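If you read the sequences in order, they're chains A and B.
284 is the number that the numbering used here gives to position 284 of the first sequence; each next residue is one higher, with no gaps.
195 is the number that the numbering used here gives to position 195 of the second sequence; each next residue is one higher, with no gaps.
Each residue gets a CB set at the ideal place from its N, CA and C atoms; glycine is no exception.
Being a predicted model, the structure only gives us computed values, none of them experimental.
For reference, the structure is listed below as structure tokens.
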Amino acid sequence: MVSPADVPAIQVDDLVIRYGDHVAVGGLSFEARRGEITALLGPNGAGKTSTVETLEGYRSPTSGRVRVLGLDPGSQHSLLAPRIGVMLQSGGIYTGIRPLEILRLFASYYDNPVEPVELLEMVGLADRQRSTWRSLSGGEQQRLSLALALIGRPEVAFLDEPTAGIDPAGRQVIRRIVADLRDSGVAVLLTTHDLDEAEKLADRVVIIDHGTLLADATPAELMSAGKGDDIRFGATSGLDCGSLGDHLRASVTEEAPGEYRVATAATPATVAALTAWLAERNEPLADLRAGRQSLEDVFLRLTESAEAAREQSPGVAARRSSRGRRGRGAA
Amino acid sequence: MKAFTTQTRTELMLSLRNGEQLLVSIAIPLLLLVFFSLVDVLPLPDGVDKGVDFLAPGILALAVMSSAMVSLGIGTGFERQYKVLKRLGTTPLGRPRWVGAKIAMVLCLLVIQSIVLVGAAFALGWNPAGSPALAPVAMLLGAAAFAGIGLLMAGTLRGTLTLALANGLYLVLLLLGGMIIPFDNMPGPIGALGKLLPSGALSQVLQATLRADAPPAGTAWIVLALWAIAAPAAAIRFFRWE
Numbered sequence: 001m002v003s004p005a006d007v008p009a010i011q012v013d014d015l016v017i018r019y020g021d022h023v024a025v026g027g028l029s030f031e032a033r034r035g036e037i038t039a040l041l042g043p044n045g046a047g048k049t050s051t052v053e054t055l056e057g058y059r060s061p062t063s064g065r066v067r068v069l070g071l072d073p074g075s076q077h078s079l080l081a082p083r084i085g086v087m088l089q090s091g092g093i094y095t096g097i098r099p100l101e102i103l104r105l106f107a108s109y110y111d112n113p114v115e116p117v118e119l120l121e122m123v124g125l126a127d128r129q130r131s132t133w134r135s136l137s138g139g140e141q142q143r144l145s146l147a148l149a150l151i152g153r154p155e156v157a158f159l160d161e162p163t164a165g166i167d168p169a170g171r172q173v174i175r176r177i178v179a180d181l182r183d184s185g186v187a188v189l190l191t192t193h194d195l196d197e198a199e200k201l202a203d204r205v206v207i208i209d210h211g212t213l214l215a216d217a218t219p220a221e222l223m224s225a226g227k228g229d230d231i232r233f234g235a236t237s238g239l240d241c242g243s244l245g246d247h248l249r250a251s252v253t254e255e256a257p258g259e260y261r262v263a264t265a266a267t268p269a270t271v272a273a274l275t276a277w278l279a280e281r282n283e284p285l286a287d288l289r290a291g292r293q294s295l296e297d298v299f300l301r302l303t304e305s306a307e308a309a310r311e312q313s314p315g316v317a318a319r320r321s322s323r324g325r326r327g328r329g330a331a
Numbered sequence: 001m002k003a004f005t006t007q008t009r010t011e012l013m014l015s016l017r018n019g020e021q022l023l024v025s026i027a028i029p030l031l032l033l034v035f036f037s038l039v040d041v042l043p044l045p046d047g048v049d050k051g052v053d054f055l056a057p058g059i060l061a062l063a064v065m066s067s068a069m070v071s072l073g074i075g076t077g078f079e080r081q082y083k084v085l086k087r088l089g090t091t092p093l094g095r096p097r098w099v100g101a102k103i104a105m106v107l108c109l110l111v112i113q114s115i116v117l118v119g120a121a122f123a124l125g126w127n128p129a130g131s132p133a134l135a136p137v138a139m140l141l142g143a144a145a146f147a148g149i150g151l152l153m154a155g156t157l158r159g160t161l162t163l164a165l166a167n168g169l170y171l172v173l174l175l176l177g178g179m180i181i182p183f184d185n186m187p188g189p190i191g192a193l194g195k196l197l198p199s200g201a202l203s204q205v206l207q208a209t210l211r212a213d214a215p216p217a218g219t220a221w222i223v224l225a226l227w228a229i230a231a232p233a234a235a236i237r238f239f240r241w242e
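Written as structure tokens, this is what we have:
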């Protein structure tokens with residue numbers, strides 16, 4: 001065996017990718033294992049695409065090393081191609097072709113493909129057989145694209161934004177298929193900037209920005225890590241933060257309309273005092289989080305603190321200013 | 001082998017399903033052949049009595065240009081623009097089989113075109129003479145030259161630009177290539193230029209192999225062979241997959 005089961009399906013070691021003067025990826029290392037969904041998460045321009053395209057064999061590292069199933073995606077492409085499945089974010093399919101035709105075409109490339117009709121039913125496109133690619137809806141195109149990534153029974157699947165721009169029902173179908181894929185032992189590398197998707201689907205989250213690693217952990221670890229010393233709650237916007245702060249003896253800020261943060265540990269006494277203060281004013285409590293943050297909180301904190309650190313060094317700060325606040329862009 | 005045959009069949013099917021490609025590779029050559037054979041408006045070279053005897057070789061040259069350059073170029077240009085080529089790059093298909101399937105598709109198109117056009121020419125009273133066995137050789141050289149030009153455009157320009165340029169080039173090469181208007185009827189320098197174009201070289205060679213009293217085409221064979229080497233070489237050199 002070229003790649004025994006204990007070798008990680010994907011290995012990225014100190015990967016550097018430069019385009020001229022621009023450093024797209026600057027010394028990134030992480031691994032992805034079989035039977036796990038690894039989400040590669042980062043804002044636009046973080047280096048996700050460059051990294052994944054290197055793993056797919058489209059480009060060569062400037063320095064560092066990548067291995068997929070123990071193989072070099074560049075020089076051993078022909079050995080690797082039968083064992084990986086790729087879903088591009090958009091396009092990639094003959095516009096005039098029908099679903100079953102493209103599935104049969106791709107099936108002919110592999111030694112032991114999944115039966116095309118079966119796959120068509122699995123992605124819920126059995127009733128769209130007469131339609132050409134260009135007349136399928138965005139969600140249908142994504143599902144067909146996913147089917148094409150799976151037809152060769154890959155050991156590693158690279159899925160680029162698999163649910164981008166899809167209606168909720170289609171998203172459910174795709175998530176179920178991806179989860180089944182993981183359960184059958186496939187290593188899934190999911191590129192996304194949909195934090196909700198990473199939180200729901202991924203076994204492991206690798207957060208990158210500016211081509212460097214910010215975090216590599218399970219979603220649960222990320223969401224419970226660090227920052228246990230605050231309480232976040234949602235309520236009517238415009239509450240008197242000063243008065244509440246005096247009551248709790250801690251600083252209270254309204255971070256977004258109706259989203260509050262109390263800078264103190266979530267002891268039972270503090271939580272009780274908070275709810276009592278709200279009850280006195282007959283203010284309903286929309287939600288309350290203590291200790292555990294959403295992945296979005298973690299993501300914003302990590303990318304923003306990385307940004308703050310970078311702005312200490314003037315050389316990079318100038319380039320950064322044009323990108324604006326990335327909080328919304330990441331959602 | 002299964003991948004190659006399925007790829008070829010799919011490419012051919014997509015190409016025949018595409019109305020514009022069918023128009024340019026079959027309908028337009030057929031229309032020109034029938035119309036100008038029946039309506040006596042075009043000048044003919046000295047010594048040719050029947051229009052179809054001059055038109056049939058020229059229209060076969062046009063057919064080669066339309067499938068190998070226009071159809072192939074436009075189709076591949078859009079496949080590149082829509083990232084089909086990029087997507088295929090991660091499958092086990094591989095570039096050699098992809099190129100092979102494209103070549104096979106063009107050859108199949110040429111066979112279909114030849115059957116339709118030669119059939120129509122015979123129906124119009126065509127009487128080929130010369131050395132027709134050499135005509136397929138000339139058509140293959142022409143196909144290589146035009147495919148090189150088509151893929152050069154497809155591999156370097158956007159799909160829509162390839163579409164526009166291929167159609168424009170088609171018209172220029174048709175008019176200057178001696179396919180329906182004899183070189184004798186062009187002003188000297190324009191005719192001389194036309195004979196150096198791949199369309200001009202191919203139509204001269206096909207006239208010489210399919211018409212008894214056509215001028216010998218020794219130089220045209222050399223010009224055609226040079227195009228058949230240079231154009232694919234340029235396509236290989238400059239083609240960008242993404």
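{"Query": "Assuming A/S29 is part of the beta strand (DSSP E), what are its boundary residues?", "Result": "22-32"}
{"Query": "Any idea which residues DSSP pairs A/R18 with across the strands?", "Result": "A/V23"}
{"Query": "By Cβ distance, which residues of its chain are closer than 7 angstroms to B/A145, with the 5 residues on each side in sequence left out?", "Result": "P198, L224, W227, A228, A231"}
{"Query": "If you measure between the beta carbons of A/V156 and A/A179, is that distance less than 7 angstroms?", "Result": "no"}
{"Query": "With DSSP run on the structure shown, which of helix, strand or coil describes A/T163?", "Result": "coil"}
{"Query": "Please report whether the beta-carbon of B/R240 lies at a distance below 7 angstroms from any beta-carbon of chain A.", "Result": "no"}
{"Query": "Under 8 angstroms by Cβ, that's how I've got A/L159 and A/L144 pegged, so tell me the actual separation to the nearest angstrom.", "Result": "Wrong, their Cβ atoms sit about 13 angstroms apart, outside the cutoff."}
{"Query": "Do A/T191 and A/K48 have their C-beta atoms closer together than 7 angstroms?", "Result": "yes"}
{"Query": "Bridge partners for A/Y260 per DSSP, in chain order?", "Result": "A/F233, A/E254"}
{"Query": "If you draw a straight line from the alpha carbon of B/R240 to that of A/S75, how long is it in whole angstroms?", "Result": "19 angstroms"}
{"Query": "Determine the extent of the alpha helix (DSSP H) in which B/A101 is found, giving its start and end residues.", "Result": "95-123"}
{"Query": "For A/I97, name the three-state secondary structure that DSSP assigns.", "Result": "coil"}
{"Query": "When Cβ atoms are compared, which residues of the segment 266-287 of chain A fall closer than 9 angstroms to chain B?", "Result": "none"}
{"Query": "Nearest chain B C-beta to A/L103 closer than 7 angstroms, yes or no?", "Result": "no"}
{"Query": "For A/P314, does the count of other Cβ atoms within 10 angstroms reach 16, so buried, or fall short, so exposed?", "Result": "Reliability of the predicted coordinates at A/P314 is poor, the pLDDT of 49 falling under 50, and no value is obtained from them."}
{"Query": "So, do the segment 68-85 of chain B and the segment 155-166 of chain B have three or more beta carbon pairs nearer to each other than 8 angstroms?", "Result": "yes"}
{"Query": "Should A/E36 and A/D196 be called a contact, given that it needs their Cβ atoms to be closer than 7 angstroms?", "Result": "no"}
{"Query": "Residue range of the alpha helix (DSSP H) that A/S224 falls in?", "Result": "219-224"}
{"Query": "Can you pull the chain A residues whose beta carbon is under 9 angstroms from the beta carbon of B/N18, in chain order?", "Result": "G96"}
{"Query": "Should B/D251 be labelled buried (16 or more other beta-carbon atoms within 10 Å of its own) or exposed?", "Result": "Because chain B is modelled from 1 through 242, residue 251 of chain B falls outside the range shown and cannot be assessed."}
{"Query": "Measuring CA to CA, which of B/P96, B/Q207, B/G19, B/K86 is closest to B/W126?", "Result": "B/Q207"}
{"Query": "Apart from the five residues on each side of it in sequence, which residues of its chain come closer than 6 angstroms, Cβ to Cβ, to A/S50?", "Result": "I17, A24, V25"}
{"Query": "Select from B/L141, B/L23, B/V39 the residue whose C-alpha is nearest the C-alpha of B/V205.", "Result": "B/L141"}
{"Query": "Output, in chain order, the set of chain A residues within a Cβ distance shorter than 8 angstroms of B/K2.", "Result": "S108"}
{"Query": "Starting from B/M153, follow the alpha helix (DSSP H) in both directions and report where the run begins and ends.", "Result": "135-154"}
{"Query": "If we call anything under 7 angstroms between Cβ atoms a contact, is B/A269 one with B/A220?", "Result": "Because chain B here runs from 1 to 242, residue 269 of chain B falls outside it and cannot be looked at."}
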